[in-house]
Every structure is written in C-alpha cells, then in structure tokens.
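Protein chains: 2
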Amino acid sequence: MIKRDHLEIVLALHQSGTLTRAAAALNLSQSALSHSMRRLEQQAGVALWEPDGRRIRLTQAGQYLRNVAERLVPQLADADRTLEGYAAGRRGSLRIGMECHPCYEWLLTLLPAFLEENPEIEVDVVQGHRFSGIEALKTHEIDLLITPDPLVIDGLEFEAVFPYELRLAVSTKLKLPDDHAHQNGYLSAVDFLDLDLLTYPVSRDRLDLFTELLIPAGVEPRSTRPVEATEVMLELVRAGRGVTALPDWMVARLGEEVQSFGIGPGGIHKRLALGFRAGALELPYMRAFLGLATQNGRAAATD
Amino acid sequence: MIKRDHLEIVLALHQSGTLTRAAAALNLSQSALSHSMRRLEQQAGVALWEPDGRRIRLTQAGQYLRNVAERLVPQLADADRTLEGYAAGRRGSLRIGMECHPCYEWLLTLLPAFLEENPEIEVDVVQGHRFSGIEALKTHEIDLLITPDPLVIDGLEFEAVFPYELRLAVSTKLKLPDDHAHQNGYLSAVDFLDLDLLTYPVSRDRLDLFTELLIPAGVEPRSTRPVEATEVMLELVRAGRGVTALPDWMVARLGEEVQSFGIGPGGIHKRLALGFRAGALELPYMRAFLGLATQNGRAAATD
DNA sequence: TTCGTCATGATTAAACGTGATCATTTGGAA
DNA sequence: TTCCAAATGATCACGTTTAATCATGACGAA
C-alpha cells in the first residue's frame with residue numbers, strides 16, 4: 010500500500026538526484042529511505058528504481074509514482090497547514106442562522122469587519138432552517154444563532170447584544186383613521202382593524218405583533234400580506250401600501266417619510282442575542298464575533 | 010502529519026457512522042482507530058471528533074479532513090491498482106524510436122493490433138533523437154528502437170524481424186539515360202550522374218545509398234534534394250521528379266507506375282531489427298510487441 | 001438494567017530508523 | 001592508459017518508535 014512516506018521519498022529523490030541528498034532533505038538517513046522503498050517494492054512486487062552508475066534511476070513504475078507524488082504531496086502538505094489553522098483557531102467555519110428577518114440587515118453591517126479580521130474563517134448564512142434555530146444549533150446545522158428570543162437551554166449559551174423596541178412603521182402619506190396614535194404615541198389592537206399589515210411569510214406564532222398584541226386581543230387586521238424581501242417591504246411601507254412591525258433601529262434608517270408608533274400601551278421590547286453551543290466561545294473567532302457584535306452592535310444597527 | 014491511515018479512518022467513520030463499524034470495514038480493531046486518531050489529534054493540537062451520545066460527530070476540523078480524504082483516498086487507491094498493473098506487466102510505457110524513415114510506415118501497420126491487445130500500455134513514437142537511437146535506448150529516452158542496422162552492443166539486445174533489400178524507386182515516366190539498368194536489373198554508381206536524388210534530410214553517413222555505393226565510388230548524383238515527409242517523397246517519385254532509395258516492400262506499395270532497381274551489382278541487403286535494453290524482454294508487453302513484429306512483420310509491410 | 005459504543009492502559013508485534021560496513025562507480029591523478 | 005580516492009547505494013544488525021490487540025471502564029440510550 011502506497012503511503013505518504015513513499016511519495017515524499019520518490020519526490021525528494023527526483024528533486025535532489027541522489028538518495029543521500031534526498032535523505033538529508035527529509036531529515037532521515039539514506040538507509041531509511043532505502044529500506045522504506047524496498048519494503049514497498051516487495052509489497053507491490055515491482056521495482057521502483059534501479060542503479061544507474063552510482064546514482065539511481067526511477068523505473069517506469071517509479072516515474073508513475075513520482076507523478077502521483079507531485080500531485081498528492083502538496084495537497085497533503087496543505088492539509089497539514091490547514092489543520093494547524095484549525096488548531097490555532099484561525100480557521101473554522103461560522104454558519105449563521107437567524108430567527109428574525111431584519112437581523113439579516115444588521116448582520117450585513119457587521120460582517121465586513123469580521124471578514125477582514127478573520128480571513129480564514131468560512132462564513133455562511135443559513136436561511137430557513139427546517140426546524141427552529143435552537144434545533145439547528147443543537148444539530149450543528151449552524152454554529153451561531155441570531156435571535157430576538159434568547160432562552161435558557163441546556164447545552165446552549167446566549168449572549169444579549171443590545172435591546173430594541175419593535176415598532177410599527179407607518180408612512181406619513183398614510184392617514185390614520187383617528188387620532189389615537191398621535192395622542193398616545195402608540196397603537197392599540199383595535200387600531201389594526203383599519204390597517205393593512207405587511208409581514209414576513211412565517212407562521213403567526215413567530216411574529217411578536219401577533220403573539221404580544223393581536224392574538225390576545227382577538228383582533229384581525231383589515232388585511233395581511235406576506236412579503237419575502239425586506240427591501241420590498243420597506244418600499245411598500247414608504248409608499249403607504251401598508252404598515253409593518255420593525256425594530257426601532259430599522260425604522261430609523263427609513264428617513265422622515267416614515268414615522269413609527271409603539272405597539273400596545275407598553276410597547277414590545279426585545280433584545281437581540283447571539284446563541285452558541287456550550288463551549289463554542291472557546292474558539293477565538295467566535296469570541297471575535299461576539300466582541301464585534303457587542304461593541305459595535307447598536308452602532309452598526311443605527312448606522 | 011496527516012497520513013493515509015488517518016484519511017481512511019475519517020472516511021470509514023463518516024461512511025459507517027460508528028467507530029466500531031469503521032474498524033470492521035478497515036479490518037482493524039475499534040481500539041486501533043481510536044488510538045491512531047488520538048495520536049494525530051495530539052500532534053495537530055485539534056480535536057477531530059467529539060462524542061455525541063454514544064456515537065461520534067466530526068468536528069469542523071474533522072469535516073475538513075473528511076473532505077480531503079474523499080478527494081485523496083480514491084487517488085491513492087487508484088495508484089495502488091496502477092502499481093499492481095506495472096507489477097503484472099499489464100501497464101507500462103513503450104516509447105519507440107526509429108532509425109529509418111520508412112520504418113514509420115511499417116510501424117503504423119503493426120500498431121493497431123498491439124494497442125488492441127495492450128490497452129494499458131502508453132505508446133509513444135519519439136522522432137528525431139538528439140543522438141543516435143542507440144544512445145536514446147541507453148539513456149532510457151526510448152524503450153524500443155526500430156533500426157535497419159542491428160549491432161552487437163553491451164547492454165542492448167537486437168532481434169531481427171525480417172530481411173529486405175534497399176532498392177531505387179524510379180517512375181516509369183522517367184527515361185533512364187541508357188539501357189544499363191534494364192540489361193542488368195540494377196544501377197551502378199555512375200548511373201547516378203544523370204539522376205536527381207531525393208533523400209531524407211539526414212547526414213549522408215546515415216544513408217546506405219551513399220555509404221554502400223556512392224561514397225566508395227566517389228560519385229555525386231546530378232542533384233540531391235532533401236524531403237521530410239514520406240508521402241511527399243512518394244508523390245515526387247511517382248511524378249518522375251526524382252528517384253529515391255526505398256525498402257522493397259515500400260516500393261511494392263507504389264503500384265505499377267513505379268519500378269525499382271537494385272543498387273549496385275550485389276544490391277543493398279538489410280534486415281529490420283528491434284533493439285531493446287538488456288532485460289527489457291522480460292516485460293510481457295515487450296515480448297508481445299516482438300511477437301507481433303516477427304509473426305506479422307513482413308506480411309504487415311507488404312500489406 | 002442492559003446493550004452499544006468509545007476511551008484508555010498494558011502488552012506485544014511489526015515497522016521504522018540508524019550507524020557501520022561493503023560493493024560499485026566515477027573522475028581525476030599518475 | 002591504469003589506479004586510487006571520493007561518492008553513492010545496498011545491506012546487516014541492532015535499538016527505538018509506532019501501531020495493533022485485548023481487557024476493562026465510562027457513558028448514554030433503550
């Protein structure tokens with residue numbers, strides 16, 4: 010069976026011309042190389058080199074082996090180096106899952122700095138897990154969860170990044186039916202009877218507007234329309250085609266054409282958090298991500 | 010340092026799911042795999058797998074290693090098989106050199122059968138060696154020499170394939186200046202004083218017409234013109250633009266428009282031979298080539 | 001609990017590596 | 001040319017390291 014050693018020997022032999030120098034290059038004795046190849050020859054039943062004067066010449070089989078070596082040895086060497094990268098925590102993969110659509114916008118503002126500082130980390134954003142983000146974390150489908158709903162769960166750790174309020178974004182073009190909103194600075198459930206609501210296309214029990222306000226009040230908006238893309242949703246809101254619930258920092262980005270109101274008398278208050286598997290924070294690049302998120306988190310969001 | 014064993018273990022582990030089954034697949038004990046990977050882990054300083062229930066899950070570094078394994082292990086396995094091919098003599102390379110231009114035509118008639126019977130042999134024809142074919146054989150630049158001039162040389166073996174006569178090909182369109190040729194069936198050196206000679210572009214001491222007849226007689230043809238391509242030369246001869254020396258079997262292919270004459274009173278008699286390095290005939294495919302050449306040699310030539 | 005699975009330690013066998021020595025070759029000096 | 005010293009690889013005998021096995025213990029799942 011051809012082993013890595015054999016390939017390296019054949020390669021060094023070809024490069025240096027003599028077995029003695031090849032041995033020096035590999036930090037081994039000439040005798041060791043001779044033995045090692047002899048073993049392979051006996052096993053394979055084919056000569057790999059033959060004496061040519063006081064040198065050595067590769068046989069056809071030896072030449073073939075050299076070709077294989079030139080192809081594979083660098084790949085093995087590269088794999089060694091990569092493994093070192095994993096050991097040093099320089100290298101790794103960071104698959105990020107999200108449980109709130111606007112979080113994606115926030116992530117995008119954070120990512121450039123992270124990529125810059127961690128060039129060997131493969132970052133991927135995994136959209137739409139089959140189950141919950143929690144499950145995805147547990148099954149190693151993702152390595153990091155961005156969520157507005159941190160929980161205490163065995164085997165997972167959550168780190169709060171910053172608090173925010175979920176507010177209703179309403180175009181100034183839109184005439185609200187009565188002055189309730191302006192008087193109190195917030196909207197009650199009944200106000201939604203006259204509003205067209207835009208939501209992300211997920212089940213209602215994952216939308217805080219419903220779980221916190223509308224479902225308890227037993228109120229159904231005048232209409233609801235699912236919208237996939239955040240950008241499209243924002244334009245629809247701007248155009249006054251509907252209203253939607255957004256984090257306050259997201260509303261702030263929309264400019265003066267869009268005002269916002271609290272949702273319900275107390276407002277809906279959340280905090281953005283990062284979820285990891287227990288022990289994941291030992292990885293340097295995980296700490297780096299968390300550091301970036303907490304330091305620049307809110308700033309990045311309102312940027 | 011990543012060794013082949015490690016790659017095979019990670020691969021088997023991924024394919025079979027448990028270490029125990031992976032061990033069975035590799036004909037090793039579960040303990041062996043555990044130890045082996047543990048060594049690599051300690052050396053590399055990175056965990057490759059971690060317990061997950063009573064199973065094992067690859068870490069990121071382990072996944073990476075699996076990727077490498079899926080790429081490299083099959084290549085190593087293939088190299089093993091190829092080496093077996095060399096051992097069994099099925100596989101090898103046959104670089105053929107030639108010392109006579111028309112030999113090429115003969116080789117081409119022989120080659121299809123050889124390729125058919127030896128699918129794993131890489132055949133190549135090496136044209137124009139820097140030195141002689143003998144040198145090329147000795148330096149392993151070629152493995153087989155086709156030559157009309159077999160010699161007894163230390164370290165080489167020659168096997169005669171078939172005898173032939175070198176004759177002068179002359180178009181019937183061409184009026185020979187006197188009737189000497191027709192009276193005797195051969196041409197003398199002086200006859201060349203009135204002939205335009207076509208030759209391959211090599212030095213005269215490698216052209217039998219010169220070494221055997223013209224140089225000893227001190228005769229120079231009316232003109233000489235070098236022609237590279239055999240096909241072109243044949244057409245020039247057919248058109249009566251000149252004459253050239255060709256093996257008798259080659260002339261026979263030219264049809265009735267071209268007649269031939271012996272060269273000198275005794276004629277120039279050669280024998281086509283194959284030259285090998287000593288011991289090369291131990292290789293099955295070398296014997297196969299020699300067998301084909303001797304059995305079908307002359308038949309193929311006059312085909 | 002029991003079964004299935006993996007990790008670990010002790011032990012043994014095999015593989016690997018080394019230095020010394022021998023046989024060849026080669027290139028230059030006599 | 002002949003002869004010798006240097007260079008090179010093969011091989012031997014020996015010691016070391018690596019790799020395999022078995023036995024056992026720990027742990028989670030059924």
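Residue numbers (my numbering), protein chains in the order written: chain A, 10 to 312; chain B, 10 to 312.
The beta-carbon is built from N, C-alpha and C at its ideal position, and this holds for glycine as well.
Could you check if residue i belongs to the surroundings of the ligand ATP, using beta carbon to heavy atom distance under 6 Å?
i: B:L245; result: Of the ligands one can find in the structure shown there are none, so the ligand ATP has no counterpart to examine.
Do residue i and residue j have their C-beta atoms closer together than 7 Å?
i: A:L28; j: A:L16; result: no
i: A:S232; j: A:D203; result: no
i: A:V179; j: A:F201; result: no
i: B:P111; j: B:M259; result: yes
i: A:P274; j: A:E237; result: no
i: B:E266; j: B:T181; result: yes
i: B:S25; j: B:A31; result: yes
i: B:G106; j: B:A145; result: yes
i: B:D321; j: B:R104; result: This structure cannot settle anything about residue 321 of chain B, because the visible part of chain B is limited to 10 through 312.
i: B:V246; j: B:T253; result: yes
i: A:G101; j: B:Q69; result: yes
i: B:D217; j: B:L283; result: no
i: B:R64; j: B:V19; result: no
i: A:L177; j: A:L165; result: no
i: A:R66; j: A:E59; result: yes
i: B:P293; j: B:G98; result: yes
i: B:T171; j: B:L301; result: Rather than Thr, the amino acid found at residue 171 of chain B in this sequence is Phe. Cβ atoms of B:F171 and B:L301: not closer than 7 Å.
i: B:D89; j: A:I143; result: no
i: B:D14; j: B:S38; result: no
Using three-state DSSP, classify residue i as helix, strand or coil.
i: A:Q268; result: strand
i: B:T303; result: helix
i: B:L160; result: coil
i: B:P293; result: helix
Let's see if you can read the secondary structure: which residues bound the alpha helix (DSSP H) around residue i?
i: B:G147; result: A small fix is needed here, since residue 147 of chain B is Lys in this sequence, not Gly. First-last of the alpha helix (DSSP H) with B:K147: 142-147.
i: A:P121; result: 112-126
i: B:V134; result: First-last for B:V134: 130-135, but that is the beta strand (DSSP E), not the alpha helix (DSSP H).
i: A:D152; result: Counting along the chain, A:D152 falls outside any alpha helix (DSSP H), and DSSP gives it neither H nor E.
i: B:V211; result: B:V211 -> no alpha helix (DSSP H), and no H or E assigned at all.
Where do the N-terminal and C-terminal ends of the beta strand (DSSP E) with residue i fall, by residue?
i: A:D200; result: Careful: A:D200 lies outside any beta strand (DSSP E) and carries neither H nor E.
i: B:E178; result: Rather than Glu, the amino acid found at residue 178 of chain B in this sequence is Ala. Element bounds for B:A178: 165-180.
i: A:A282; result: 277-286
i: A:M10; result: Careful: A:M10 lies outside any beta strand (DSSP E) and carries neither H nor E.
i: A:G98; result: Run containing A:G98: none; DSSP gives neither H nor E here.
**OP:** Could I get the ranges of all uninterrupted beta strand (DSSP E) runs contained in the region 15-96 of chain A, with 3 residues as the minimum, in chain order?
**Re:** 58-61, 64-67
Subject >> Minimum length 4: unbroken alpha helix (DSSP H) runs contained in the region 213-254 of chain B >> reply: 239-247
Original post:
Looking at chain A, which residues of the region 80-91 of chain B have a Cβ within less than 7 Å of any of its Cβ atoms?
Top reply: L81, Q84, L85, A88, D89, T91
Original post:
Using a Cβ cut-off of 8 Å, which residues of the region 20-41 of chain B contact any Cβ in chain A, in chain order?
Top reply: none
**OP:** Please list the residues of the region 256-280 of chain A that have a C-beta atom closer than 7 Å to any C-beta atom in chain B, keeping them in chain order.
**Re:** none
Subject >> Residues of the region 95-108 of chain B whose Cβ lies closer than 7 Å to any Cβ of chain A, in chain order >> reply: Y95, A96, G101, S102
**OP:** Using a Cβ-Cβ cut-off of less than 8 Å, give me the residues of the region 45-58 of chain B that come near chain A, in sequence order.
**Re:** A53, G54, V55
Subject >> Within 8 Å of chain A by C-beta, residues of the region 284-309 of chain B in sequence order >> reply: none
Subject >> Where the region 143-173 of chain B meets chain A: residues whose CB sits under 9 Å from a CB there >> reply: H149, D152
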